[in-house]
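Heads up: the structure comes next, in structure tokens.
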Amino acid sequence: MTALIHIVDDEETVRRSLKWLLESVDLKVQEYSDASAFLSGADVHHLGCVLLDIRMPGMSGLSLQTELAKRAPELPVIFMTGHGDVSMAVRAMKAGAFDFFEKPYNDQLLLDTVYRAIEKHRLYLLEQAEVLTVEQRRESLTPREEQVLSLLLLGEPSKRIASALNISSRTVDVHRYHIMSKMQVDSLAELIRVCLEAQSH
5 MTALIHIVDD EETVRRSLKW LLESVDLKVQ EYSDASAFLS GADVHHLGCV
55 LLDIRMPGMS GLSLQTELAK RAPELPVIFM TGHGDVSMAV RAMKAGAFDF
105 FEKPYNDQLL LDTVYRAIEK HRLYLLEQAE VLTVEQRRES LTPREEQVLS
155 LLLLGEPSKR IASALNISSR TVDVHRYHIM SKMQVDSLAE LIRVCLEAQS
205 H
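So for the sequence shown, the working numbering puts the first residue at 5; every next one is plus one.
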């Protein structure tokens, strides 16, 4: 998936220089002149990050950050601030911003930070895809297989599961084989790990 960098700044010269910098390293860029244009036009669930001016007419960068936290909390936000905005930048960091830069910024440092933000977002999206896959596989289990799996996740051995469900240990083992096959895992330990990880997200 190609990363998309969103530039939100009311100054066209700033947007243009940032776009030139990012496109010079083959990054895909979308620019917006204010927060409302970004909120109405951006795909916030696509891999990428946001370069956001902290002071803008209308909705400020901080207000946009608050709104974005509701819609796509994992999309990294990198603030760009003018002189004297450090206290606002600290507030932004406390609210979950990825980083902030004072204008004029160092091009290479900014690019390095953008790459780190993209990588963080990429890992998050991969995790979410894995969780979704585990959930979809689990939905393919029969009601009885789901009962057996729930008891396996509680650490119950086959004999106790057989007793609890009033079936034979052999039948439990058959169910376990089918569960592992449907969940596409090679061991009981892996089965427990993927299920617990999916539950924790």
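Beta carbons are placed, not taken as given, at the ideal position from N, Cα and C, and that holds for glycine.
Could you tell me how far apart the beta carbons of residue i and residue j are, in whole angstroms, since I believe they sit closer than 8 angstroms?
i: A39; j: S67; result: 7 angstroms
i: K32; j: T6; result: 6 angstroms
i: C53; j: A121; result: 4 angstroms
i: D89; j: R59; result: 7 angstroms
i: L145; j: L200; result: Not quite, the Cβ-Cβ distance comes to about 16 angstroms (not below 8 angstroms), so this is no contact.
i: V29; j: L115; result: 6 angstroms
i: L79; j: V48; result: 5 angstroms
i: V118; j: I9; result: 6 angstroms
Can you grab the Cα-Cα spacing for the pair residue i / residue j, in whole Å?
i: I183; j: R142; result: 8 angstroms
i: Y128; j: L56; result: 21 angstroms
i: H205; j: I196; result: 15 angstroms
i: Q188; j: A133; result: 15 angstroms
i: F83; j: K98; result: 12 angstroms
i: S172; j: S162; result: 9 angstroms
i: T85; j: E149; result: 56 angstroms
i: S44; j: Q140; result: 31 angstroms
i: L51; j: H125; result: 6 angstroms
Can you tell me which of the three DSSP states residue i falls into?
i: H205; result: coil
i: I183; result: helix
i: T146; result: coil
i: A99; result: coil
i: D190; result: coil
i: L155; result: helix
i: D116; result: helix
In the DSSP assignment, what are the bridge partners of residue i?
i: E106; result: T85
i: L8; result: K32, G52
Fully enclosed by the region 18-91, which alpha helix (DSSP H) runs are 4 residues long or longer? You should have 39-45, 65-75.
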